[in-house]
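Okay, so the sequence shown: first residue is 78 according to the working numbering, each after it adds one. Glycine included, every Cβ here is placed at the ideal spot set by N, Cα and C. As C-alpha cells, the structure follows; a few thoughts come after it.
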Amino acid sequence: MTDYELEQCNAISKSIIGYHQEQGAWFGLASFAGHLTCDTTFEHYIHTAHLLAGIQISESKLRLPLTVLQAVTGLNYNSVYRKDTTAYDPATKLVQLSKLRSYLVKKISVSNQSLFNCEDLNDKALPATTSENQTHSHLDEKSNSIFIHSKYYDVIAFLEELEKVSLDNRNKALPEVAIRYGISLSEARELYFNARHIFINEERLLLGAPKGSKNQELLVRALDRAYRLSIKNPEALRIFVEIFSNKQSFNSSSLHFGIKQSQKELLKQFLDVGCQLINASHWQIRASSEKAVTDLKQSLSLDSQIRIGSRLNYHGYEIRVVQKKTIPLLGW
Numbered sequence: 078m079t080d081y082e083l084e085q086c087n088a089i090s091k092s093i094i095g096y097h098q099e100q101g102a103w104f105g106l107a108s109f110a111g112h113l114t115c116d117t118t119f120e121h122y123i124h125t126a127h128l129l130a131g132i133q134i135s136e137s138k139l140r141l142p143l144t145v146l147q148a149v150t151g152l153n154y155n156s157v158y159r160k161d162t163t164a165y166d167p168a169t170k171l172v173q174l175s176k177l178r179s180y181l182v183k184k185i186s187v188s189n190q191s192l193f194n195c196e197d198l199n200d201k202a203l204p205a206t207t208s209e210n211q212t213h214s215h216l217d218e219k220s221n222s223i224f225i226h227s228k229y230y231d232v233i234a235f236l237e238e239l240e241k242v243s244l245d246n247r248n249k250a251l252p253e254v255a256i257r258y259g260i261s262l263s264e265a266r267e268l269y270f271n272a273r274h275i276f277i278n279e280e281r282l283l284l285g286a287p288k289g290s291k292n293q294e295l296l297v298r299a300l301d302r303a304y305r306l307s308i309k310n311p312e313a314l315r316i317f318v319e320i321f322s323n324k325q326s327f328n329s330s331s332l333h334f335g336i337k338q339s340q341k342e343l344l345k346q347f348l349d350v351g352c353q354l355i356n357a358s359h360w361q362i363r364a365s366s367e368k369a370v371t372d373l374k375q376s377l378s379l380d381s382q383i384r385i386g387s388r389l390n391y392h393g394y395e396i397r398v399v400q401k402k403t404i405p406l407l408g409w
C-alpha cells in the first residue's frame, strides 16, 4: 500500500517503537507517546474519550414535541412558558429540554418527605428566585406592579401545586411549596387565603386554563400584557378586572351586557382595555342580529377588528374571546 518495501517498513517501525516492539503493541504505543507504562497511555486515551463524550452530550440538541412532553410529564404550553419563554418553538412545535433542565431535575429528585416544618420557618422573606427567564426586559427594573405579584408565573405554579394537595394537608404543605417557588411565607398565606375564597368549592384555587397550545399561548401573552398595563395604567386594569368579576359566571364562557346606555358604556370600557390585553381579532360580540352588533360598534367607536355574530332571541350583548374557529375561551 506504500512505496516502502517490507524491509524498510520494519526498519522504520523498529526505529520508532524500539525494543518495546517485541513486548506488544500497547508497550510500543506507550513508548511512542512518551509514557512510562502502557497503563498510563490507556488511561490517557480513555480520559480523552470521556471528555469528548461530555462535550458531545453538552452540545446535544434534545427536543421533544409538546404533545409528547405533555403526555409524559403533564407539562402543557402554559407550564413550559413559565419555566422558559424560549423553550417552545411554535414553528416546529418542539420543546428544547435543555432549557427546562433545572425544573426537570427538581421534579425528578423531589422527596416525598417534607423538608420543613411550620415551626422551623420564621415569617421572613425567602430568596427572591424566579422561574427561569421570567424577566421583563421591556420594563424598568425598578418598576413593579402595585397589585400584580412580580413573579405571577411562580404564583400560578404555586397555587397549581397546592391545589393538587388534599384540603386537610394544604396548611402543612404550604411552607414547602412556597419555598420551592421563592415566595415568602406571609405572601404565600395571603395568596392562599385570597384564592380559596374565590370559589364556592374550597378545593379549587384557580380558574381552569384553556386547552390547546394556541389557546394557552394567547393566555400567556394576555398575562404579560396585563402586568405591563398594571404598571403603566393600573386604574384601567383595575376597572377591567372589576367589570369582569361582576359579569363573570363560572357556568358560562361569555359575559353579558344589557341594552341600557350605562351597560353599553361598561362594555366599551371593558373592550377598550381588553383589546390591549388580547388582540381585537380574538374578541367577538354577539346579539340577536349582526346588524345590532354593527350598529353598536359604530356608536361606541369600537375596534373594527372585533368580530360580530348573532344569537337568536338573545337579549343584550354577549362578549367572548374566540380563536379562528370561534372556540370560546373567556371562561378561564
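- Contact between the stretch 287-304 and the stretch 144-156 is present, with at least three C-beta pairs closer than 8 Å.
- Listed in chain order, the non-local C-beta contacts of R273 below 7 Å within the same chain comprise E279, L282, local neighbours out to five positions each way being set aside.
- CA-CA distance, Q400 to V254, rounds to 34 Å.
- Spatial neighbours of Y258 in its own chain (CB-CB distance under 7 Å, excluding positions within 5 residues in sequence) are listed in chain order as D231, A234, F235.
- In this structure the stretch 378-396 touches the stretch 344-353; the number of beta carbon pairs closer than 8 Å is three or more.
- For the pair I316 and L129, the Cα-to-Cα distance works out to about 59 Å.
- Under DSSP, the beta-bridge partners assigned to R397 are Q361.
- Beta bridge pairing from DSSP links P142 with L171.
- Looking at the DSSP output, S387 bridges to A364.
- In the structure shown, the three-state DSSP call for L283 is coil.
- Here S387 has R363, A364, S365, S366, E367 as same chain residues with Cβ atoms under 7 Å from its own Cβ, once five neighbours each way along the sequence are excluded.
- Residue burial is scored here from C-beta neighbours: H359 has at least 16 other C-beta atoms within 10 angstroms and is therefore classed as buried.
- Spanning the alpha carbons of D245 and L181 requires a straight line of approximately 28 Å.
- In the DSSP assignment, F334 falls within the beta strand (DSSP E) that extends over 332-334.
- V318 and S290 have their alpha carbons spaced roughly 25 Å apart.
- Rounded to whole angstroms, the gap between the alpha carbons of D166 and R159 is 14 Å.
- A distance below 8 Å between beta-carbons, with the five flanking residues on each side excluded, links S376 to the following residues of its chain, in chain order: K341.
- Boundaries of the alpha helix (DSSP H) harbouring D349: 338-354, taken from the DSSP string.
- Counted as a single uninterrupted DSSP element, the alpha helix (DSSP H) harbouring A250 occupies residues 247-257.
- When secondary structure is reduced to three states using DSSP, D161 falls in the coil class, being assigned neither helix nor strand.
- Across the structure, L262 and R384 are spaced so that their CA atoms are roughly 45 Å apart.
- V172 is the residue among Q85, V172, Y269 whose C-alpha sits nearest the C-alpha of R140.
- At the C-beta level, Y304 and I225 come within 8 Å of one another.
- Minimum Cα-Cα distance from Q353 among the listed residues A313, I132, Q293, F321 corresponds to A313.
- For D166, DSSP records a beta bridge to L171.
- Between the C-alpha atoms of G131 and A286 there is a straight-line separation of about 40 Å.
- Looking at I355, L146, K228, the one whose alpha-carbon comes closest to that of L177 is L146.
- Of the residues L379, K170, T162, the one whose Cα lies closest to the Cα of D301 is T162.
- Residue nearest to G335 within the set F276, L373, L143, I275 is L373 (criterion: CA-CA distance).
- For F327, the three-state secondary structure derived from DSSP is coil.
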